[in-house]
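> Protein chains in written order, with the working numbering: chain A, 7 to 240; chain B, 7 to 240.
This is the structure, below, for whatever I ask next.
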DNA sequence: TAGTGGTCTAGACCACGAA
DNA sequence: TCGTGGTCTAGACCACTAT
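Written out as structure tokens, the structure is:
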């Protein structure tokens with residue numbers, strides 16, 4: 007077995023056995039390299055492997071940490087993020103990064119089935135669990151059903167605002183899900199290296215009369231989530 | 007911008023512009039390093055990044071290749087793999103790796119809701135698109151509804167065998183989906199390095215009377231698939 | 001300011017794949 | 001057999017973090 011595989015196993019065992027617990031910071035790379043009697047490059051190979059398996063993660067220039075468990079997430083159940091996280095015994099947190107009305111690009115226009123040169127509301131938010139950023143979302147709202155929605159407090163649940171202020175509830179839902187790279191604003195907000203692995207969920211939400219309400223680009227840390235889908239719920 | 011990011015961009019541009027086409031093999035790492043006037047380690051950093059973004063992929067010790075487009079896959083639509091792939095203009099291919107009846111482990115027993123010390127049929131298959139392995143599946147069948155099923159030709163559609171020989175059709179469906187590492191038999195069958203990134207889909211299939219039929223562990227190459235889910239179909 | 005992770009150099013040897 | 005990718009060494013400098 008290659009050396010970095012052995013290092014990987016050793017670290018993994020210590021984590022799984024509970025000697026290293028979730029959120030715990032690993033020693034410096036140079037210390038670890040010394041500990042395993044190897045070079046930093048080889049050591050980093052093991053760390054990167056563990057990272058891609060979701061066992062550990064890094065924060066840019068801060069170091070390596072043991073990953074907390076994944077969040078169970080049923081994208082079809084429109085429960086609020088905060089509620090869902092709390093039900094799993096964790097501390098949720100949402101931060102509004104930006105909101106504005108702008109011209110829709112081609113892809114958004116197509117998803118929302120808007121005519122050319124339409125304008126849409128865009129809401130960018132960062133969601134954290136136990137202080138750790140896990141989800142960067144861009145919501146694109148069809149402006150027609152939601153005049154002045156950007157005036158509301160957008161740190162909570164959009165679902166709730168839809169319902170309470172506009173009397174609109176969700177109906178049908180369409181999802182695209184695929185592993186992708188985190189780049190640009192998503193990577194920056196999630197505090198991961200440009201190009202690291204993530205999971206992208208593009209959702210299109212309809213109301214009960216089958217009109218398109220909005221679409222979301224959800225960029226998840228690859229190790230932060232486990233999706234659950236049950237067709238019996240529909 | 008870091009050097010390997012520049013290299014990455016350059017390669018990516020050439021691929022997106024069509025100068026390098028899907029399935030095409032890249033030059034040797036030493037050649038590329040020379041071309042970009044850098045070392046192999048730095049060059050490999052760029053290649054690994056492109057790999058994790060799904061732009062290129064490698065076959066163990068054979069080299070680097072440009073990735074073909076993802077397969078659109080609706081896991082709720084029980085259409086046959088072969089049919090689905092052909093509809094998207096590609097060549098499907100299934101190889102039976104192994105089938106046997108064995109004692110169920112704890113996780114399988116729980117998923118299939120079987121009593122302790124039950125036996126199950128296990129079918130291991132590898133599925134390819136245009137010669138490229140993309141999906142390694144382990145099917146675990148509840149043996150009760152399917153006596154002697156292992157006698158059938160298992161290179162085609164299980165769905166079809168269920169229906170034609172046992173009069174059983176699908177009903178409800180439960181899925182767990184998450185990014186994971188490919189290891190052991192999955193990595194070997196897909197011809198990727200141990201520990202590389204993949205997408206794991208665990209599905210539990212019910213029949214129309216809501217009895218559990220089987221569960222599948224689907225290990226996908228992370229760059230080979232895009233999941234589609236539409237609640238309006240249920 | 002000291003220490004850390006991020007990036008990079010210039011080599012090396014081995015095992016496997018292709019010929 | 002030759003070239004390839006897989007692995008590894010022993011350093012280096014810089015930008016950023018923590019203090």
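Idealized CB from N, CA, C, for every residue including glycine.
1. Using beta carbons (cut-off 9 Å, strictly below), is residue 105(B) in contact with chain A?
2. Excluding the 5 residues flanking residue 125(B) on each side, which residues of the same chain have their C-beta closer than 7 Å to its C-beta?
3. I need the straight-line Cα distance from residue 54(A) to residue 157(B), nearest angstrom please.
4. Could you check what DSSP says for residue 173(B) in three-state terms: helix, strand or coil?
5. Out of 154(B), 208(B), 30(B), 47(B), point me to the one whose CA is closest to residue 136(B)'s CA.
6. Which one or two residues does DSSP pair with residue 108(B) in a beta bridge?
7. Could you confirm whether any beta carbon from chain B is found closer than 9 Å to the beta carbon of residue 232(A)?
8. Return no unless some Cβ of chain B is closer than 9 Å to the Cβ of residue 55(A).
9. Within 10 angstroms of its Cβ, does residue 92(A) collect 16 or more other Cβ (buried), or is it exposed?
10. From residue 25(B) to residue 37(B), what distance separates their C-alpha atoms?
11. Rounded to whole angstroms, what is the Cα-Cα separation between residue 20(A) and residue 225(A)?
12. Grab the span of the beta strand (DSSP E) containing residue 19(B) for me, first residue to last.
13. Would you kindly report the start and end of the unbroken beta strand (DSSP E) that includes residue 202(A)?
14. Against chain A, which members of the segment 172-184 of chain B pass a CB distance test of less than 8 Å?
15. Can you tell me where the alpha helix (DSSP H) holding residue 35(A) begins and where it ends?
16. Give me the subset of the segment 92-124 of chain B whose CB atoms are less than 8 Å from a CB atom of chain A, sorted by chain position.
17. Pull up the distance between the alpha-carbon of residue 167(A) and that of residue 183(B), whole angstroms please.
18. Please confirm whether residue 59(B) has its beta-carbon closer than 9 Å to some beta-carbon of chain A.
19. Whose Cβ in chain B lies nearer than 7 Å to the Cβ of residue 187(A)?
20. If you draw a straight line from the C-alpha of residue 90(A) to the C-alpha of residue 236(B), how long is it?
21. Using only the alpha-carbon positions, how far apart do residue 172(A) and residue 203(B) sit?
22. Going along the chain, which residues of the segment 23-48 of chain B sit with their C-beta nearer than 9 Å to a C-beta in chain A?
23. Is there a C-beta anywhere in chain A that falls below 9 Å from the one on residue 229(B)?
24. Determine the DSSP secondary structure at residue 182(A), reduced to helix, strand or coil.
25. Alpha carbon to alpha carbon, what distance is there between residue 9(B) and residue 27(B)?
26. Just to confirm the assignment, what range does the alpha helix (DSSP H) spanning residue 87(B) have?
27. In angstroms, rounded to a whole number, what distance separates the CA positions of residue 50(A) and residue 198(B)?
28. In its own chain, which residues sit with a C-beta less than 7 Å from the C-beta of residue 216(A), not counting the 5 before and 5 after it?
29. Starting from the beta carbon of residue 237(A), find every residue of chain B whose beta carbon is closer than 7 Å, and list them in chain order.
30. In the DSSP output, what is residue 69(B) paired with across the bridge?
31. Between residue 81(B) and residue 213(A), what straight-line distance do the alpha-carbon atoms span, to the nearest angstrom?
32. Where does the unbroken beta strand (DSSP E) through residue 191(A) begin, and where does it stop?
33. Is the CB of residue 127(A) under 9 Å away from at least one CB in chain B?
34. When we look at the beta-carbon of residue 133(B) and count the other beta-carbons within 10 Å, is it buried (16 or more) or exposed?
35. Are the C-beta atoms of residue 76(B) and some chain A residue less than 9 Å apart?
36. Of all the residues that make up the segment 192-203 of chain A, which are near chain B by a beta-carbon distance shorter than 8 Å?
So, from the listed chains and residues:
1. Interface criterion not met: the Cβ of residue 105(B) is under 9 Å from no Cβ in chain A.
2. Closer than 7 Å at the Cβ level, and outside the excluded window around residue 125(B), lie 107, 108, 109, 110, 149.
3. Between the alpha carbons of residue 54(A) and residue 157(B) lies a distance of about 44 Å.
4. Residue state, collapsed to three classes: coil.
5. Ranking 154(B), 208(B), 30(B), 47(B) by Cα distance to residue 136(B) puts 30(B) first.
6. Beta-bridge pairing by DSSP links residue 108(B) to 126(B).
7. Residue-level contact check: residue 232(A) touches chain B, since one or more beta carbons of chain B fall below 9 Å from its beta carbon.
8. True, the Cβ-Cβ gap to chain B drops below 9 Å.
9. Under this definition residue 92(A) is an exposed residue.
10. Cα to Cα, residue 25(B) sits roughly 18 Å from residue 37(B).
11. For residue 20(A) and residue 225(A), the distance between alpha carbons rounds to 30 Å.
12. Here residue 19(B) belongs to no beta strand (DSSP E); instead the alpha helix (DSSP H) covers 9-22.
13. Counting along the chain, the unbroken beta strand (DSSP E) around residue 202(A) starts and ends at 202-213.
14. For the segment 172-184 of chain B, the residues whose beta carbon sits under 8 Å from a beta carbon of chain A are, in order, 178, 179, 180, 181, 182, 183, 184.
15. For residue 35(A), the enclosing alpha helix (DSSP H) stretches over residues 35-41.
16. Listed by position, the residues of the segment 92-124 of chain B near chain A (Cβ gap below 8 Å) amount to none.
17. Cα-Cα distance, rounded: 29 Å.
18. Closer than 9 Å to some Cβ of chain A, the Cβ of residue 59(B) qualifies, so yes.
19. Think of a sphere of 7 Å around the beta carbon of residue 187(A): the chain B residues whose beta carbon falls inside it are 58, 59, in chain order.
20. Roughly 22 Å separates the two Cα atoms.
21. When rounded, the distance between both Cα atoms is 43 Å.
22. Correct list: 47.
23. Chain A contact via Cβ: present.
24. Annotated three-state conformation of residue 182(A) is strand, per DSSP.
25. As the crow flies, the alpha-carbon of residue 27(B) is around 24 Å from that of residue 9(B).
26. DSSP places residue 87(B) in the uninterrupted alpha helix (DSSP H) bounded by 87-93.
27. If I take the Cα positions, the gap works out to 20 Å.
28. The residues are 177, 178.
29. At a beta-carbon threshold of 7 Å, the residues of chain B lying near residue 237(A) are 82, 178, 179, 240, ordered along the chain.
30. Beta-bridge pairing links residue 69(B) to 65(B).
31. Cα to Cα, residue 81(B) sits roughly 24 Å from residue 213(A).
32. Segment 190-196 is the alpha helix (DSSP H) holding residue 191(A); no beta strand (DSSP E) there.
33. Taking Cβ atoms only, chain B never reaches closer than 9 Å to residue 127(A), which makes this a no.
34. Label assigned to residue 133(B): buried.
35. At least one chain A Cβ lies under 9 Å of residue 76(B).
36. Result list: 200, 201, 202, 203.
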